[in-house]
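Working notes, beginning with the structure itself.
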Amino acid sequence: MGGHRKFKRAAPLLVQVPPICLALALGSCAVGPDFIPPEVPVQNNWIESKDSRVASKTDIMSHWWRAFRDPTLDRLIECAYEQNLPVQIAGLRILEARAQLGVAIGSMYPQTQEGTGAAQQNLISSRLANQADLRHSFANFNLGFDAAWELDFWGRFRRNVEATDASMLATVADYDSALVSLTAEVARTYAAMRTFEELIQIARENARVQREGLDIAESRFRNGATSELDVAQARTLLESTLADIPPLQAGLQQSKNALSTLLGRPPGAVEALLHGPQRIPSASRRVAIGIPAELLRRRPDIRAAEFNAAAESARIGVAEADLYPRFFLLGDVGVQSSDVAKLFGPHSLFFTAGPGFRWSILNYGRITNNVRAQDARFQQALVNYEDTVLKAAREVEDALIGFLKAQESAVSSQKSVQAALNAVKLSLIRYREGAEDYQRVVDSQRSLLQEENKLAETRSSIATNLIALYKALGGGWEIREGRPIVPPPMQAEMASRTNWGDLLPQQSPPTTPNLPLPTPAGVAPVLLPPDW
C-alpha cells in the first residue's frame, strides 16, 4: 500500500482514473508457484559416530583453526581474510546484487516518470494542398510531465523482486562459502609447507647418518677390512638421499608462493609471517561434528543452492504472467504555446489520463514454452540442491574416516620409525665389528628414511583430513561477523567514484542461516537492513 501512496504524490492527475483501475492494482493476485524449501533425506548419524573420538554435540568452532594452537596459522588466516582478492570479489557481488534488488523494487512503482520539454521552430511548405490560409512559420514551446504505470495485477514485478531478493541472499551465502574455502585452503597450504620443511629436515638428518656410514666404509676400505663395493654402496645411498632434497625445496617454495597468493601478496612477501616453530599442525584426537541434519544445513553452499532454487521458482511466475493481459495507467500534463511569453498562460495547460491494457494473444506458443523452460530451470535447481546436500554428506564422511584412520596409522608408523632407528644403530655397530656386510647397513638406512617420511606424511594427513572435515562441516565463515565485507579503503574509492547512498556496508552482512527466504506473493519482500 505504501507504493500506491507514493504514486499519488508523484502523479496527482491519475487520482481521477476510474476506481476499478485502482482496485485492479490493490486486489491483484500473483501467478506461479510459491517456493517451498526442498527436503532431502539425510542419515540420523554419521557412519563413524560410535567412535569414542567423535562427539555428537554441536560444537563447531567458528575459528576452528585455533584448535591447532599455532599462532603463525592464526596470523596467516587473519591476513588472508583481510587481503584475499577472490573474497573481496565475492563481497562486491553482494553490493551488485543489493543494487539490482533496488532496481527490481523500483519496477513496482510507475515505470515511466519523465519531465519533457522542447523549443521548436516549424516551417510548412506553402505548396501543399489546402495550405493557403494557414500560418506557414510558427514556433512551438512545451513543458510537461509523463507518467506510465503498469499495474502488477498478476504479480510479475513482485515475483521478480522475490527472485532478485533470493539471488542477493545467494550471493551472501557465496561470500560465506568463499570464506570457508579460503580458511581451509590457507590451513591446508600451511600444513603442506610445514610438511615439506619436515621432509627436508628428515632427508638432511638421514644424509648426516649416511655420511657417517660412508666414513666408516671408507675407513675400513683404507685399512683393507672390506672392498671398495661397500664405499660405492654407501656413496650411492647418500647421493640418492641428497638428490631428494631439491624437489622438496621446490615444493616448499611453491607452497609459500601459494600462501602469498592466498594472502593477496606477491611471491616472497609471506616470509615475514612464518616465524615460529616449524612443525606440522596437530590438534586433539577428538572432534565434535554434531549430527548431519544440523551441520549440513549450515553449509553456505547448501544455503546458496536453496536460495537459487527460490529465485528460479519466482521466475516461473514472471514468465507465466506474460500469458495474461497487462493493465496500465497513462498520464501526461504540461503547458504548450507557440509564444514563449504565453507558455504559462491560463489556456496553455494540457493533460491526458486513463487506463489501458496490452495482451499478447497470438504468442501463446512462445510464452508457454518460455514458462516450460523456466520450470525446467527450477527443477534443475531443486536437483542441484539435492546433489549439493549429498556431496556435502560424502565430504564429511570422507574427511572423518580419513582423520580417524590416519591417527591409527600414525601410531603404527611411530613404532616403525623407532624400530628402524634401532636397526640402523645395530647394523652400523655390527658392520664396524665386521659381523655384517654393508648391504645390511644400506637396507636399514633406506628403511629408516622411508619410515620417517611415511610418519611425516601420515601426520600431515591427520592435519589435512581434519581441515577437510571442518571445511565439509561449513566452518570458518563466522570470521566475518561484525566486520566489513568490503575493505574500508575500497569503500572509500567506490564512494568517491559513485554515489552509493546507504548501500556501502559498514559491517558484515546478516548471518545467512537466519535469513528468511523470499516471501510468498502478495507479501512485502524482506529486505536487508540498509546499514550494512
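Add 6 to the 1-based position in the sequence shown for the working numbering, that's all there is to it.
Cβ coordinates follow ideal geometry from the N, Cα and C atoms, glycine included.
CA nearest to the CA of residue i, picked from the options
i    : options                : result
E84  : T504, W483, I407       : W483
A387 : I208, A316, G161       : A316
V448 : A426, S467, D250       : A426
V341 : G112, Q106, L149, Q207 : L149
L157 : Q385, Y330, R503       : Y330
G38  : N212, E54, A320        : A320
V237 : D250, P252, D221       : D221
R217 : A478, W506, P490, L434 : L434
F384 : Y181, G323, A105       : G323
R226 : E326, Y391, E442, P283 : E442
A193 : T78, V402, K421        : T78
F147 : G351, E326, A110       : G351
F357 : S419, L336, T189       : L336
F1   : W155, E403, V402       : As shown, the chain starts at 7 and ends at 538. That puts residue 1 outside it, with no answer to give.
P338 : P361, L185, E487       : Position check: residue 338 holds Asp in this sequence, whereas Pro was assumed. Minimum Cα distance to D338 is reached at P361.
A359 : R486, M199, A153, I100 : A153
Range covered by the beta strand (DSSP E) that runs through residue i
i    : result
L454 : Element bounds for L454: not the beta strand (DSSP E) but the alpha helix (DSSP H), 444-478.
L355 : 355-364
Burial state of residue i (16 or more Cβ within 10 Å)
i    : result
L368 : exposed
P306 : buried
L129 : exposed
G440 : exposed
L32  : Below a pLDDT of 50, predicted positions are generally treated as unreliable, and L32, at 45, falls in that range; no measurement from the model is reported.
E120 : exposed
Y476 : buried
T118 : exposed
A29  : Note on A29: pLDDT 45, under 50, position unreliable in the model; the coordinate value appears next. With fewer than 16 Cβ atoms within 10 Å of its Cβ, A29 is classed as exposed.
V377 : buried
T122 : exposed
K262 : buried
S290 : exposed
T201 : buried
P116 : buried
K12  : In this predicted model, K12 has a pLDDT of only 34, less than 50, meaning its place in the structure is not dependable; the value taken from the coordinates is given anyway. Exposed, because fewer than 16 other Cβ atoms sit within 10 Å of the Cβ of K12.
Y391 : buried
P253 : exposed
A190 : buried
Y181 : buried
D345 : exposed
G219 : buried
D76  : buried
Unbroken alpha helix (DSSP H) run spanning residue i, endpoints
i    : result
V341 : Where V341 is concerned, there is no enclosing alpha helix (DSSP H), although the beta strand (DSSP E) it sits in stretches over 332-343.
L121 : The sequence as given places Gly at residue 121; Leu does not occur at that position. Unbroken run through G121 is the beta strand (DSSP E), 118-129; no alpha helix (DSSP H).
D152 : First-last for D152: 143-156, but that is the beta strand (DSSP E), not the alpha helix (DSSP H).
E218 : 162-228
T78  : 77-89
D393 : 370-438
M496 : 494-503
K262 : 234-268
E318 : 306-326
L301 : 298-303
C-beta atoms of residue i and residue j nearer than 8 Å
i    : j    : result
W71  : L406 : no
Q424 : I468 : no
I286 : A197 : yes
Q89  : L279 : no
A145 : Q126 : yes
L243 : Q451 : yes
R292 : A61  : yes
G507 : R304 : no
V48  : A399 : yes
T232 : A240 : no
L265 : L82  : yes
A105 : T177 : no
Nearest-angstrom Cβ-Cβ length linking residue i and residue j, presumed shorter than 8 Å
i    : j    : result
E318 : P43  : E318 to P43, Cβ: 13 Å. No contact.
F159 : F333 : 5 Å
L302 : I308 : 6 Å
I208 : A382 : Actually they do not touch by this definition, with Cβ atoms about 57 Å apart.
F74  : S415 : That pair is no contact at about 19 Å.
G112 : A327 : Not confirmed; about 18 Å, so no contact.
N50  : A110 : Rounded, the Cβ-Cβ distance is 41 Å, inconsistent with contact.
Q284 : E203 : 5 Å
T267 : N212 : Incorrect: roughly 32 Å between the Cβ atoms, too far for contact.
L185 : I473 : Not confirmed; about 14 Å, so no contact.
E54  : L410 : 6 Å
N471 : G408 : 4 Å
The ligand FMN heavy atom lying under 7 Å from the CB of residue i
i   : result
Q49 : Looking for the ligand FMN in the displayed structure turns up nothing, as the structure carries no ligands at all.
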